[in-house]
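Heads up, the thing below is written out as structure tokens.
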Amino acid sequence: MKEMAAGVLLGLIIFLAFIGINVTPLILITLLVGGFYFFYLGQGTVKFDNIGTDIKVGTGITFEHIGGQDSAIKELEEALEFIIKPEAIKKMGIRPLKGVLLVGPPGTGKTLMAKAAASYTGSAFIATSGSEFIEVYAGMGAKRVRQLFNDARKKASKQNSGSAIIFIDELEILGGKRGSHNSHMEYDQTLNQLLVEMDGISFRSEPSILIIGATNRADMLDSALLRPGRFDRHVQVTLPDRVGRRRILDIHAGNKPVEDSSILDEIAASTFGFSGAHLESLTNEAAILALRENAQSISRSHFHEAIDKVILGEKLDKKPSPAEIERVSFHESGHALISELVKPGSVSSLTIIPRGSALGFMRKTAQNDQYLYIREELEGDIMVALAGAAAEEIKYGNYSTGAASDFEQCWKLAMQIVETGLSSLGVVKRTDSPDEVIYKECKEIIGSLEKKTKEILLIHQDSLFSLAETILAEESLDRDRFIELL
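Read in order, the letters of the sequence shown correspond to residues 76 to 561 in the working numbering.
Put into structure tokens, the structure is as follows:
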């Protein structure tokens with residue numbers, strides 16, 4: 076109907092102009108009416124009607140489906156008590172929580188925890204993201220916030236539930252610090268409306284509403300949003316430890332034919348720093364690799380290949396020149412040799428097969444999670460990172476751009492030594508220390524370790540050349556072959 080009306084109007088204007096009538100006023104009126112409809116009636120309504128995603132109670136997601144977040148789940152369950160036991164909460168004179176903020180890196184399960192909270196409490200669940208509230212048209216964001224709360228109450232009543240949970244992902248977009256968006260006051264108006272709506276939530280209202288926000292940038296949130304009475308509870312959803320990773324692997328490998336369950340213990344130890352999303356992708360990639368080989372079960376080699384793929388990417392078809400391949404072989408041999416000498420047993424395998432943006436890489440053996448380091452350990456990591464370029468210099472008299480990421484890692488580790496008071500400067504405050512002093516100290520740390528690394532490689536030059544020649548011929552070396560050559 077809209078298209079037909081527009082066509083008839085356009086035809087009428089052309090006809091009137093053809094017979095000599097002045098159609099300028101009619102065109103201006105048409106533009107004004109059309110602009111008003113598009114900007115204030117059509118545009119806002121169409122987008123606004125789709126705000127949020129309604130998920131009914133009993134979606135099947137429970138806290139049992141989330142691994143590696145036991146402490147976060149326990150804290151969240153405590154916050155949900157006011158929904159489950161409203162009479163007991165009222166009797167004790169406890170003010171119910173209005174909001175729970177989930178803070179943690181991407182892929183750690185914040186959205187799953189919000190869904191599980193809805194199942195745990197039997198609440199209606201509406202999910203949305205901060206970006207859905209921001210518009211270029213003034214007042215639209217605030218209108219969407221009001222409608223979101225109204226929809227939550229209506230859907231809870233429709234589902235015969237006494238409570239509703241509103242989950243807002245990417246909360247830093249909606250709840251950023253006021254005044255930081257100098258060119259766009261719509262952000263501040265939208266946040267103000269959210270603050271007003273949260274102040275209006277009461278445990279006497281039916282249904283009760285709990286806001287669960289998720290962010291990985293809590294530092295960007297407005298202080299008024301974080302104060303008690305709004306987001307009362309801040310739950311840290313961190314990267315899982317070794318036990319947590321093992322639990323997550325059990326969940327995602329439960330429907331997959333894994334050759335031996337002990338493989339998962341090894342993979343859990345080898346994936347320090349992996350999030351739940353990484354581990355889900357890892358098990359999925361391992362299953363895909365097994366399917367490609369027509370294997371009946373997923374073996375250790377499939378999981379190891381999947382780890383490399385998740386970290387570095389797919390193997391590439393590009394073929395570096397023979398000179399580049401030889402240089403990469405010396406580079407990776409330098410990394411492996413110093414790593415084994417500094418920390419025996421640390422090398423799992425090395426390869427010069429290109430993958431992702433890497434022309435080669437060395438994979439370390441599984442180790443226990445470590446959160447505290449002494450200076451000697453950090454210096455050892457710097458030496459391993461420097462060893463690739465040092466090996467190139469011993470062979471060719473120079474090094475290549477392939478060491479750029481290694482140098483970046485070296486500088487990061489050197490800064491960690493300085494900022495944690497492990498350098499000759501002693502305890503320092505980074506913001507109050509002159510940049511030239513910090514730079515000079517880091518430069519001295521890296522310079523002395525670079526010299527030490529090169530001296531060790533020269534002592535073991537025969538082993539370096541032997542490793543490089545062998546990996547050049549065989550492309551990949553596992554630990555047994557690596558130790559045999561040493």
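Every residue, glycine too, gets a C-beta built ideally from N, C-alpha and C.
Ala217, enclosing beta strand (DSSP E) - first and last residue | As a working note, residue 217 is residue 142 in the sequence shown. Element bounds for Ala217: not the beta strand (DSSP E) but the alpha helix (DSSP H), Met215 to Lys233.
What's the C-alpha gap between Glu153 and Leu177?
-> Reading the sequence shown from its first residue, position 78 is the one you call residue 153. Reading the sequence shown from its first residue, position 102 is the one you call residue 177. Using only the alpha carbons, I get a separation of about 14 Å.
Bounding residues of the alpha helix (DSSP H) (the contiguous stretch that carries Leu301) = Residue numbering aside, residue 301 sits at position 226 when the sequence shown is read from its first letter. It spans Ser298 to Leu301 - the alpha helix (DSSP H) in which Leu301 sits, taken as one unbroken run.
Sub-7 Å separation of Gly409 and Ala479 beta-carbons | Counting from one through the sequence shown, the residue named residue 409 turns up at place 334. Counting from one through the sequence shown, the residue named residue 479 turns up at place 404. Using a Cβ distance threshold of 7 Å, Gly409 and Ala479 do not count as a contacting pair.
Would DSSP call His377 helix, strand or coil?
-> Mapped onto the sequence shown, residue 377 falls at position 302. Note: His377 maps to helix in three-state DSSP.
Counted within 10 angstroms of its Cβ, other Cβ atoms place Ser499 as buried (16 or more) or exposed | Taking the sequence shown and counting its residues from 1, one reaches residue 499 at position 424. Exposed, since its Cβ has fewer than 16 Cβ neighbours within 10 Å.
Take the Cβ of Lys233 as the centre, count every other Cβ of all protein chains shown within 10 Å, and call the residue buried at 16 or more, exposed below.
-> Against the sequence shown, residue 233 aligns to sequence position 158. Lys233 should be labelled exposed.
In three-state terms, what does DSSP make of Val502?
-> Position 427 of the sequence shown holds residue 502. Three-state result, Val502: coil.
Could you give the C-beta distance for Ile241 and Ile286, rounded to a whole number, given that I count them as a contact under 8 Å?
-> Mapped onto the sequence shown, residue 241 falls at position 166. Mapped onto the sequence shown, residue 286 falls at position 211. That pair is a contact at about 5 Å.
Measure the alpha-carbon distance for Lys122 versus Leu155 and round it to whole angstroms.
-> Taking the first residue of the sequence shown as 1, we reach residue 122 at position 47. Taking the first residue of the sequence shown as 1, we reach residue 155 at position 80. Its pLDDT being 41, under 50, Lys122 is placed unreliably by the model, and nothing is read from it.
What number of angstroms, rounded off, separates the C-alpha of Pro395 from the C-alpha of Gly435?
-> Walking along the sequence shown from the start, residue 395 turns up at place 320. Walking along the sequence shown from the start, residue 435 turns up at place 360. Distance between the alpha carbons of Pro395 and Gly435: 11 Å.
Within 7 Å, strictly: CB atoms of Pro312 and Lys185 = For this step, residue 312 is matched to residue 237 along the sequence shown. For this step, residue 185 is matched to residue 110 along the sequence shown. First, the amino acid is wrong: residue 312 is Val here, not Pro. In contact: Val312 and Lys185 (Cβ atoms closer than 7 Å).
What residues match up with Leu425 in a beta bridge as DSSP calls it?
-> In the sequence shown, counting from the first residue as 1, residue 425 sits at position 350. Its beta-bridge partners are Met437 and Leu552.
Could you tell me whether the Cβ atoms of Tyr474 and Glu468 are closer together than 7 Å?
-> As a working note, residue 474 is residue 399 in the sequence shown. As a working note, residue 468 is residue 393 in the sequence shown. Remark: C-beta atoms of Tyr474 and Glu468 approach each other more closely than 7 Å.
Name the DSSP bridge partner or partners of Gly182?
-> Translated into the one-based positions of the sequence shown, residue 182 becomes position 107. Gly182 is not bridged to any residue.
Among Ala328, Thr358, Arg308 and Cys485, which one has its Cα closest to the Cα of Ser523?
-> For the purposes of this step, residue 523 is identified with residue 448 of the sequence shown, where counting begins at 1. Comparing alpha-carbon positions, the option among Ala328, Thr358, Arg308 and Cys485 lying closest to Ser523 turns out to be Cys485.
What number of angstroms, rounded off, separates the C-alpha of Gly197 from the C-alpha of Phe138?
-> The residue you call residue 197 lines up with position 122 of the sequence shown. The residue you call residue 138 lines up with position 63 of the sequence shown. Computed Cα separation, rounded: 13 Å.
Between Lys625 and Glu451, what straight-line distance do the alpha-carbon atoms span, to the nearest angstrom?
-> Outside the displayed span of the chain (76 to 561) sits residue 625, for which this structure offers no information.
Limits of the unbroken beta strand (DSSP E) element including Thr528 | Counted from its first residue, the sequence shown places residue 528 at position 453. Under the DSSP assignment, Thr528 falls outside any beta strand (DSSP E), being part of the alpha helix (DSSP H) whose first and last residues are Asp510 to Ile534.
Which residue comes first and which comes last in the alpha helix (DSSP H) that contains Leu151?
-> Start at 1 with the first residue of the sequence shown, and residue 151 comes out as number 76. DSSP places Leu151 in the uninterrupted alpha helix (DSSP H) bounded by Asp145 to Ala154.
Does the distance from the C-beta atom of Met458 to that of Val417 stay below 7 Å?
-> Stepping through the sequence shown from its first residue, residue 458 is reached at position 383. Stepping through the sequence shown from its first residue, residue 417 is reached at position 342. Cβ atoms of Met458 and Val417: closer than 7 Å.
Taking the DSSP output, what are the residues bridged to Arg320?
-> Translated into positions along the sequence shown, residue 320 becomes position 245. Bridge pairing for Arg320: absent [DSSP].
For the candidate residues Lys470, Leu552 and Glu550, whose alpha-carbon lies nearest to that of Leu533?
-> As a first step, residue 533 must be located in the sequence shown, where it is residue number 458. When each option's Cα is compared against that of Leu533, the closest is Lys470.
Skipping 5 residues on each side, what residues in its chain have a beta carbon closer than 8 Å to that of Arg317?
-> In the sequence shown, residue 317 corresponds to position 242, counting from 1. The residues Ala343, Ala344, Phe347, Asn443 and Asp444, in chain order, have a CB closer than 8 Å to that of Arg317 in the same chain once the five nearest residues on each side in sequence are set aside.
DSSP-derived helix/strand/coil call for Val312 | For the purposes of this step, residue 312 is identified with residue 237 of the sequence shown, where counting begins at 1. It is coil, neither helix nor strand.
Same chain, Cβ closer than 6 Å to Lys252, five either side skipped, listed in chain order = The sequence position of residue 252 within the sequence shown is 177, counting from 1. The residues are Asp297.
Secondary structure at Arg170, three-state DSSP: helix, strand or coil?
-> In the sequence shown, counting from the first residue as 1, residue 170 sits at position 95. In this structure, Arg170 counts as coil in the three-state DSSP scheme.
With a 10 Å radius around its C-beta and 16 neighbouring C-beta atoms as the bar for buried, classify Ala199 as buried or exposed.
-> Here residue 199 corresponds to residue number 124 of the sequence shown, with the count starting at 1. The residue is buried, with at least 16 neighbouring Cβ atoms inside 10 Å.
Roughly how many angstroms separate the alpha carbons of Ile148 and Leu300, rounded to a whole number?
-> Translated into positions along the sequence shown, residue 148 becomes position 73. Translated into positions along the sequence shown, residue 300 becomes position 225. Approximately 22 Å, taken between the alpha carbons.
In the DSSP assignment, what residue or residues form a beta bridge with Ile243?
-> Here the question's residue 243 lines up with position 168 in the sequence shown. BP columns for Ile243 point to Thr203 and Gly288.
Cα-Cα separation, Leu425 to Ala365 = Taking the sequence shown and counting its residues from 1, the one referred to as residue 425 is at position 350. Taking the sequence shown and counting its residues from 1, the one referred to as residue 365 is at position 290. Roughly 22 Å between the two C-alpha positions.
Residues near Gly237 in its chain [Cβ-Cβ closer than 6 Å; skip 5 each side] | Taking the sequence shown and counting its residues from 1, the one referred to as residue 237 is at position 162. Its chain contains Pro282 as the residues whose beta carbon lies nearer than 6 Å to that of Gly237, once the 5 sequence neighbours on both sides are disregarded; these appear in chain order.
How about Leu461 and Leu539: do their beta carbons lie closer than 7 Å?
-> Counting from one through the sequence shown, the residue named residue 461 turns up at place 386. Counting from one through the sequence shown, the residue named residue 539 turns up at place 464. Not closer than 7 Å, so no.
Buried/exposed call for Thr265, threshold 16 Cβ in 10 Å = Within the sequence shown, numbered from 1, the residue matching residue 265 stands at position 190. Result: buried.
May I ask you to list the residues that DSSP assigns as paired with Leu177?
-> Residue numbering aside, residue 177 sits at position 102 when the sequence shown is read from its first letter. For Leu177, DSSP records a beta bridge to Ala289 and Val310.
Simplified DSSP assignment, three categories, for Gly251 | As a first step, residue 251 is located in the sequence shown; it is residue number 176 there, counting from the start. Of the three classes helix, strand and coil, the one that applies to Gly251 here is strand, per DSSP.
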